[in-house]
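Each residue of the sequence shown is one higher than the last, beginning at 4 in the numbering used here.
Every residue gets a Cβ at the ideal spot worked out from N, C-alpha and C, and that includes glycine.
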Amino acid sequence: MRNALLLIVALIAAHGSVQAQQHVLQAGIDVLNYEFTIQLPDAGRHIDAHALITVRRSSASDNVVFDLVGLQVDTVSVNAKPSAFQKDKATLRISLGPISRPSADTLLVDVHYSGEVEDGLIIQTDNKGRWRAFGDNWPTRARLWLPTVDDPADKATVTWHIIAPIDRKIVANGELIEEKVMSTENGTVGGKKKITTWRMSKPIPPYLMVIAAAPLVSYDLGLTARGLSEFPPGVKQSVYVFPEQANYLPGPFERAGDIVEFFARTVAPFPYEKLAHLQSSTRYGGMENASAIFYADDIFQRRAVTDGLIAHETAHQWFGDAVTPRSWGHLWLSEGFASYFEKLWVEKSEGEAAFRNGMRELCDEIVNAREVQQRPVIDTLQTEPMQLLNTNSYQKGAWILHMLRSMLGDSLFFGGIRSYYMHHRHSNATSDDLCDDLGTFAHSDLRWFFDQWLRRPGFPEITTDWKYDPQTQSVTLEIEQGSRFRPYRFPLKVEIQMPGGSSQFIVVDVPAQKSYTVLLRKVDSPPKELLFDPLIELLAAIKSKSTK
Ligand SMILES: [Zn+2]
């Protein structure tokens, strides 16, 4: 996701902490599929809903706990038999009965529930009097309207049956299966209703399970990335907006096809049935819901959608959605990747200079960010996911990938990324998984790199100095590391500029020590200047002591 404003994040962080407890994953309980049937109201926030949940049980556990905050549970059955349950403020505990086979069984849990939805599904009436509802679950708000194992590590497929007045467009994850008008005998009051069914056939975490229900109009971007989807023949893309924004389109979405094609060629086929882009009520600037990206309403109203934002949320379909961090502490595997792939799109579409400028800007943000100085990227002590939407997860995460690429070279880096993606596609991953997959592919032990950049706060603060000795025709290079952070190990590229205008590049392998001196021999005349990290490949604050 991308944040609209830091201020909003701060407000939400304060407000959202009530329901943000971590779900405690139950050993031997794995949700395979959710099938939600939700009757939306004509007005107001009351829903009547029904969740059919397929649970795989591989331990002797005789109950299952779902997250469900507020709302009222009316009846529960397990394998079509009424079941005892306990509903408290935040959870629903259901008795499963004894395990039927010695090793494992699969249960169908049926929950009927209803009530006023407070959040998660954001229901509003806009200033034109139009009723609208948009799911916005990140990080732990699915449980405010959906009984789920609301944890990124329990991914499941999902089917949506949404009952709503016929003038609302219903969009959800996956593929549109059916949209049919219901006869009035089906219990509707005041006008015709329809039932719309969407089906997501790849497992996703609950934080990405969404619906949109609003008077939206759609703009068809057609079939893009032909031959580059897990669902042949290509990626069907469309944009959904409120009618007054219809003449904005395709606008920045003209590049949406190129963006998907570029990422699919760089990583792997697009993972889902289609890709929709929606004007929505999300709290975030953009939210990468699987196959249905939600963008903030006001960005459309101001007509300020950028292809950087589209690229960021699109990259999440691979990183975050198809490969999901196993726990929030590894959030950089989602946000760092999306931030870096956004910059890779800049490199592809605007060229190398724009890309390097972008990386330099991120570097400036990192060295000035307090959380980078105080906390590591893998911040397992931070239990509030909102607090992880920070410079560590985004900018520093992106820079860690950039340094891996600079160190390994394009072929090994992208090959290693593809290998990691294919290993964990439609599943979960941790930072160690990435370290192992990249390291195996590149035949290189990268643990020192991952430890130093991900498990420690900070960055190298380097002071450089050099002098030329005409007697020995050599350059002495001194690299001093500041004492605020432990010394880092890194390759440092140096450009030696000669008076005639020629240049030579060398790479110094700087060890993790406070000061390091290198002697460069056979420099037959005094260099004009030495440039340290001229190609912006090292995340560091670099200053030079003097020249000559
Ligand atoms: Zn993001």
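{"Check": "Please classify ALA30: is it buried, with 16 or more other beta-carbons within 10 angstroms of its beta-carbon, or exposed?", "Outcome": "exposed"}
{"Check": "With a cut-off of 8 Å, do at least 3 Cβ pairs link the segment 260-274 to the segment 94-105?", "Outcome": "no"}
{"Check": "So is TRP3 buried or exposed if we call it buried at 16+ other beta carbons inside 10 Å?", "Outcome": "With the chain represented from 4 up to 551, any question about residue 3 goes unanswered, as that position is not in the structure."}
{"Check": "Below 8 Å on the Cβ atoms is my guess for ILE207 versus ALA293; work out the distance and round it to an integer in Å.", "Outcome": "4 Å"}
{"Check": "With burial defined as no fewer than 16 other Cβ atoms inside 10 Å of the residue's Cβ, what is the status of GLN240: buried or exposed?", "Outcome": "buried"}
{"Check": "Taking 7 Å as the limit between beta carbons, can you name the residues of its chain near THR394, skipping five residues before and five after?", "Outcome": "GLU368, ILE369, ALA372, GLU374 and VAL375"}
{"Check": "For ligand 1, is there any heavy atom lying closer than 7 Å to the beta carbon of ALA325?", "Outcome": "no"}
{"Check": "Could you work out which residue in ASP468, GLN304 and LEU534 is closest to LEU1 when comparing CA atoms only?", "Outcome": "The chain is shown from 4 up to 551; residue 1 falls before or after that span and cannot be answered."}
{"Check": "Answer yes or no: the CB of GLU338 versus the heavy atoms of ligand 3, is any distance below 7 Å?", "Outcome": "Absent from the structure shown: ligand 3. Ligands present: ligand 1."}
{"Check": "Distance check for ALA544 and LYS399, CA to CA, integer angstroms please.", "Outcome": "13 Å"}
{"Check": "Please tell me whether GLY323 and SER337 are closer than 8 Å, where the distance is taken between their beta carbons.", "Outcome": "yes"}
{"Check": "Does the Cβ of ARG450 have 16 or more other Cβ atoms within 10 Å, making it buried, or fewer, making it exposed?", "Outcome": "exposed"}
{"Check": "Can you list, in chain order, the stretches of the beta strand (DSSP E) that have 3 or more residues and sit fully within the segment 303-389?", "Outcome": "326-328"}
{"Check": "Between ARG5 and ligand 1, is there a pair consisting of the residue's CB and a ligand heavy atom that are separated by less than 7 Å?", "Outcome": "yes"}
{"Check": "Taking C-alpha atoms, which residue in GLU540, THR327, ILE296 and THR466 lies nearest to ALA314?", "Outcome": "ILE296"}
{"Check": "By the three-class DSSP mapping on this structure, what secondary structure does LEU10 have?", "Outcome": "Any reading at LEU10 must be qualified, since the residue scores a pLDDT of 42, below 50, and its modelled position is unreliable; the value itself is stated next. Residue state, collapsed to three classes: helix."}
{"Check": "I think THR200 touches TRP163, with their Cβ atoms under 8 Å apart; what is that distance to the nearest whole Å?", "Outcome": "7 Å"}
{"Check": "Any chance the CB of HIS319 is under 7 Å from a heavy atom of ligand 1?", "Outcome": "yes"}
{"Check": "Check whether the Cβ atoms of GLU291 and GLN320 sit closer than 8 Å, and answer yes or no.", "Outcome": "yes"}
{"Check": "Residues in the same chain with beta-carbon distance under 7 Å from LEU43, minus the five sequence neighbours each way, listed in chain order, please.", "Outcome": "ILE50, ALA136, ILE165, ILE166, ALA167 and ALA216"}
{"Check": "To which residues of the same chain is THR467 closer than 8 Å at the C-beta, ignoring the five residues directly before and after it?", "Outcome": "LEU480, GLU481, ILE482, GLU483, LEU533, PHE535, ILE545, LYS546, SER547 and LYS548"}
{"Check": "Residues in the same chain with beta-carbon distance under 8 Å from GLY118, minus the five sequence neighbours each way, listed in chain order, please.", "Outcome": "HIS49, ILE50, GLY73, LEU74 and GLN75"}
{"Check": "Report the CB separation of GLY123 from GLY100 in whole angstroms; it is logged as a contact under 8 Å.", "Outcome": "The pair is not a contact, with the Cβ atoms about 30 Å apart (cut-off 8 Å)."}
{"Check": "Helix, strand or coil: how does DSSP classify ASP154 here?", "Outcome": "coil"}
{"Check": "Let me know the beta strand (DSSP E) ranges lying completely inside the segment 415-468, each 3 residues or longer, listed in chain order.", "Outcome": "430-432"}
{"Check": "Would you please state the rounded distance, in angstroms, between the beta carbons of HIS427 and VAL270? I believe it to be under 8 Å.", "Outcome": "The pair is not a contact, with the Cβ atoms about 12 Å apart (cut-off 8 Å)."}
{"Check": "With hydrogens ignored, establish whether the beta-carbon of ALA341 is closer than 7 Å to any heavy atom of ligand 1.", "Outcome": "yes"}
{"Check": "Taking LEU95 as the reference, give the member of VAL67, ASN82, SER414 and PRO85 with the closest Cα.", "Outcome": "VAL67"}
{"Check": "GLU178 bridges to which residues according to DSSP?", "Outcome": "ARG202"}
{"Check": "How about ALA93 and ASP70: do their beta carbons lie closer than 8 Å?", "Outcome": "yes"}
{"Check": "Determine, using beta-carbon pairs with one atom in the segment 433-445 and one in the segment 514-523, whether at least three such pairs fall under 8 Å.", "Outcome": "no"}
{"Check": "Starting from ARG137, follow its DSSP beta bridges and name the residues at the other end.", "Outcome": "In the sequence as presented, Arg is not what sits at residue 137; that position holds Phe. PHE137 is bridged to ILE125 and ALA215."}
{"Check": "Is HIS315 near ligand 1 - that is, is its Cβ less than 7 Å away from at least one heavy atom of it?", "Outcome": "yes"}
{"Check": "Taking the straight line between their C-alpha atoms, what separation do you get for SER447 and ALA175?", "Outcome": "42 Å"}
{"Check": "Looking at C-alpha atoms only, which residue of GLN455, TYR471 and TYR287 is the closest neighbour of PHE488?", "Outcome": "GLN455"}
{"Check": "For PRO494 and PHE344, what's the separation of their Cα atoms in angstroms?", "Outcome": "23 Å"}
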